[in-house]
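If you read the sequences in order, they're chains S and P.
Here the first sequence stands for residues 1 to 216, where the numbers follow our numbering.
Here the second sequence stands for residues 1001 to 1216, where the numbers follow our numbering.
2 protein chains.
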Amino acid sequence: MALIIYSGGLDSTVLLYKLASEGRAAGALSINYGQKHVKELEFARFNAEKLGVPFQTLDLGCLAPLLGDNSLTSSTAVPDGDYDDENMKSTVVPNRNMIMLSIAAARAIAIGADSVAYAAHGGDHAIYPDCRNEFADALAATLALCHYEPIKLERPFVNFTKADIVKLGAELGVDFSKTWSCYKGGEAHCGTCGTCTERKMAFRDAGVEDPTEYMG
Amino acid sequence: MALIIYSGGLDSTVLLYKLASEGRAAGALSINYGQKHVKELEFARFNAEKLGVPFQTLDLGCLAPLLGDNSLTSSTAVPDGDYDDENMKSTVVPNRNMIMLSIAAARAIAIGADSVAYAAHGGDHAIYPDCRNEFADALAATLALCHYEPIKLERPFVNFTKADIVKLGAELGVDFSKTWSCYKGGEAHCGTCGTCTERKMAFRDAGVEDPTEYMG
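Laid out in structure tokens, this is it:
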């Protein structure tokens, strides 16, 4: 059974559907680490309840003052553009994945799950050091030793593109209008930030209709 | 420069003095993860201010509901006795060290420190999976990959006994009466819980006078 780190974004919603369809979803944990796009957590709750997966949120907003001047948790503006642009480095929250996975492993131990699953995918970019495969492999080796019994790290989308994830989600019946990607957290998706740009392209490449309302 | 995980306990106070004496103490981070012995944090602030090391506390009390039924963060009673006793397993907070070190690494990145130091020592016991050397080695490999530049994991006491740490502390001029070990967090050290028992033995084995006031 798996404890899923579940943001309410497109990728992790498809992961939630996948594990629920396999009967392996022990719980979904949404972590608010002080990000501006807290809106995604509303969708997380909606989807977990729809699938009957025990859902819990954890507010780590108290971490924000520790994490320096990144644009997701501080007053620095979220940049527009592609992930390849140098200015996107400001969206890096230091060591975010390691913090979230460590806490998720603790929760997995507490509820008797033997694995932690997250939606890292092949489209994740090298500007995020903690999205690299070498990092995830080292983290998996650490989680295997963190408790009396090993905790496994599941990354079933690691060789998927975001378009592959959209395709799988469509097969599993995901309502993509109930997922959130935009870093800016407005009334609707902005349509211009890095993650909105990527979201649009994934639907187009997958040949799946995009139900998202974009402002631009 | 090192960011020190600093509880205000005996071991990490000696570590703080050691790194400060070497001019390598970039900051001290005390993490309250919902433990009952929050009293140690008062001593942490005292010692950091005395040494002029920037001090920060982080309240992770919000984690307590996630961490199940362990005696340090829940209503389960703290057991008396030696660490070797089976009942001491209830003092295991799931994955505590990995969570704390992940957050400390994030803080190190934010302040430009290139290492995280903690006071794991040879006397730490196998009932704590996240005190084992194999675990720490795996974690070090993970921290080396978590950011653009590697974050080092410093464990200078890993081959020390607790008595060795007391000896070093005496040489560095540590005021041991300003450190806290007892898991029960009463007015004075209880003198009977596992960590009090160990503290008494360390002073005796080191041949250093123990200034601690014990209730039993």
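Ideal placement from N, C-alpha and C gives every residue a C-beta, glycine not left out.
Owing to the predicted nature of the structure, the values given are computational and were not obtained by experimental measurement.
Asked	Found
Alpha-carbon spacing of P/A1138 relative to S/L139, whole angstroms	8 Å
Spatial neighbours of S/G122 in its chain, beta-carbon cut-off 7 Å, leaving aside the 5 residues before and after	V158, N159, F160 and T161
Three-state secondary structure assigned by DSSP to S/F55	strand
Which of helix, strand or coil DSSP assigns to S/L139	helix
Cα-Cα separation, P/K1050 to S/Y148	39 Å
Neighbour-count burial assignment, P/S1177, 16 or more Cβ in a 10 Å radius	exposed
Rounded separation between P/D1175 and S/I5 - CA only	44 Å
Alpha carbon of S/A170 to alpha carbon of P/G1061, nearest angstrom	39 Å
Interface flag, P/C1131 vs chain S, CB-CB below 7 Å	no
CA-to-CA distance, S/V116 to P/L1278, given in whole angstroms	This structure cannot settle anything about residue 1278 of chain P, because the visible part of chain P is limited to 1001 through 1216.
Beta-ladder partner(s) of P/H1121, from DSSP	DSSP output for P/H1121 lists no bridge partner at all.
Cβ separation of P/N1095 and S/A106, assumed to be a contact under 8 Å, to the nearest whole Å	4 Å
Residues of the stretch 1090–1115 of chain P whose Cβ lies closer than 7 Å to any Cβ of chain S, in chain order	P1094, N1095, M1098, I1099, S1102, I1103, A1105, A1106, R1107, I1109 and A1110
Partner residues on chain S for P/Y1148, Cβ-Cβ distance less than 8 Å	P129
7 Å Cβ cutoff met for S/A108 and S/L19	no
Neighbour list for P/L1067 in chain S, Cβ cutoff strictly below 7 Å	A106 and A110
C-beta neighbour in chain S for P/D1011, strict 7 Å	no
Per-residue DSSP class, three states only, for S/T195	helix
Nearest-angstrom Cα separation, counted from P/Y1128 out to P/C1182	17 Å
Exposure label - S/G186; buried when at least 16 CB within 10 Å	exposed
S/A28 classed as buried or exposed, judged by whether at least 16 other C-beta atoms fall within 10 angstroms	buried
Own chain residues within Cβ distance below 6 Å of S/G8, not counting five before or after	E40, L41, F43, A44 and W180
Sheet register partners of P/V1116 (DSSP bridge)	P/L1003 and P/L1153
Exposure label - P/A1104; buried when at least 16 CB within 10 Å	buried
Alpha-carbon to alpha-carbon, S/L172 and P/P1150	40 Å
Cβ-based burial, S/S30 [other Cβ within 10 Å; buried from 16]	buried
Run of the beta strand (DSSP E) containing S/N32, from where it starts to where it stops	A25 to N32
Proximal residues of chain P, C-beta to C-beta of S/F135 below 8 Å	T1142, L1145 and C1146
Under 7 Å from the C-beta of P/L1139: neighbouring residues of chain S	T142
CA-to-CA distance, S/A141 to P/R1199, given in whole angstroms	33 Å
Chain P contact residues for S/C193, given Cβ-Cβ distances below 7 Å	Residues of chain P passing the Cβ test: none, with the nearest at roughly 22 Å.
Nearest-angstrom Cβ-Cβ length linking P/A1136 and P/A1110, presumed shorter than 8 Å	In fact, because the Cβ distance is near 23 Å, the residues do not count as touching under 8 Å.
C-beta neighbour in chain P for S/D164, strict 7 Å	no
For S/A113 and S/A163, believed in contact at Cβ under 8 Å, the rounded distance	Actually they do not touch by this definition, with Cβ atoms about 30 Å apart.
S/L58 to S/N97 span [Cα, whole Å]	15 Å
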